[in-house]
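Residues in the sequence shown are numbered consecutively from 25, following our numbering. First the structure, in the form of structure tokens, and then the observations on it.
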Amino acid sequence: MFENDELVDEVRAVMRQRLQRLGAGAYACLSTAEGQLAVTTLDDQDKGARYSALSSALLGLCETFCKEAIGESSGEACFSSGKGHAVLMRIELNGQLFQLCVVREGLNNSLFSLLRSSTGICHRIQATIHS
């Protein structure tokens with residue numbers, strides 16, 4: 025699906041546009057459910073690929089934990105530290121599962137703001153893919 029450079033550029037532009045609302049220090053990676061990088065706003069593609077692989081493993085672990093502890097799998101995970109926040113979300117695109125990882129370094133925005141922005145990015149990506 026993301027072998028088309030034009031589509032990659034469109035999705036990257038959507039992500040960058042939505043990330044502007046969060047300010048400097050925000051970036052996103054869209055990858056397959058298996059952790060292969062599809063699109064990133066990072067200039068360093070190797071970092072994007074590493075973050076995609078790590079976030080895939082982490083989201084899989086979170087889904088398993090939720091299923092066992094709560095009785096239902098969750099397609100989202102949120103993390104917070106003294107230096108920023110991260111949100112991981114499952115996203116379905118043309119019948120295939122992907123994941124979105126959105127990170128905001130610095131504490132200028134709340135975790136809720138990042139979660140809301142991440143949801144908006146997911147909806148915009150889906151609209152871009154389906155148009």
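Idealized CB from N, CA, C, for every residue including glycine. As the structure is a computational prediction, the values presented were derived from the model and not from experiment.
Compute the distance between the beta-carbons of residue i and residue j, then report whether it is under 7 Å.
| i | j | result |
| --- | --- | --- |
| Leu117 | Ile153 | yes |
| Cys90 | Ser80 | no |
| Val38 | Arg148 | yes |
| His109 | Leu66 | no |
| Ile145 | Arg42 | yes |
| Ser76 | Ser105 | no |
In whole angstroms, give me the CA-to-CA distance for residue i and residue j.
| i | j | result |
| --- | --- | --- |
| Glu87 | Phe136 | 20 Å |
| Leu83 | Gln44 | 25 Å |
| Thr64 | Ala57 | 15 Å |
| Leu121 | Ala151 | 15 Å |
| Arg74 | Leu61 | 8 Å |
| Leu78 | Ser155 | 30 Å |
| Asn132 | Gln69 | 26 Å |
| Leu111 | Leu46 | Checking the sequence, you will find Val at residue 111 rather than Leu. The straight-line gap from Cα to Cα measures roughly 13 Å. |
| Ser134 | Thr143 | 14 Å |
| Leu85 | Ile115 | 17 Å |
Counting only beta-carbon atoms, is residue i nearer than 7 Å to chain C?
| i | result |
| --- | --- |
| Ile145 | Going by chain labels, chain C is absent from the structure shown, which holds only one protein chain. |
With which residues is residue i paired in a DSSP beta bridge?
| i | result |
| --- | --- |
| Cys102 | Val111 |
| Thr64 | Cys53 |
| Val127 | Tyr51, Ala110 |
Apply the 10 Å Cβ neighbour rule to residue i and answer buried if 16 or more other Cβ atoms are within range, or exposed otherwise.
| i | result |
| --- | --- |
| Ala101 | buried |
| Gly72 | buried |
| Gly59 | buried |
| Ser141 | buried |
Does any heavy atom of the ligand GTP sit closer than 6 Å to the C-beta of residue i?
| i | result |
| --- | --- |
| Ala62 | Absent from the structure shown: the ligand GTP. Ligands present: none. |
_Given 8 Å, three or more beta-carbon pairs between the stretch 47 to 56 and the stretch 121 to 128_ = yes
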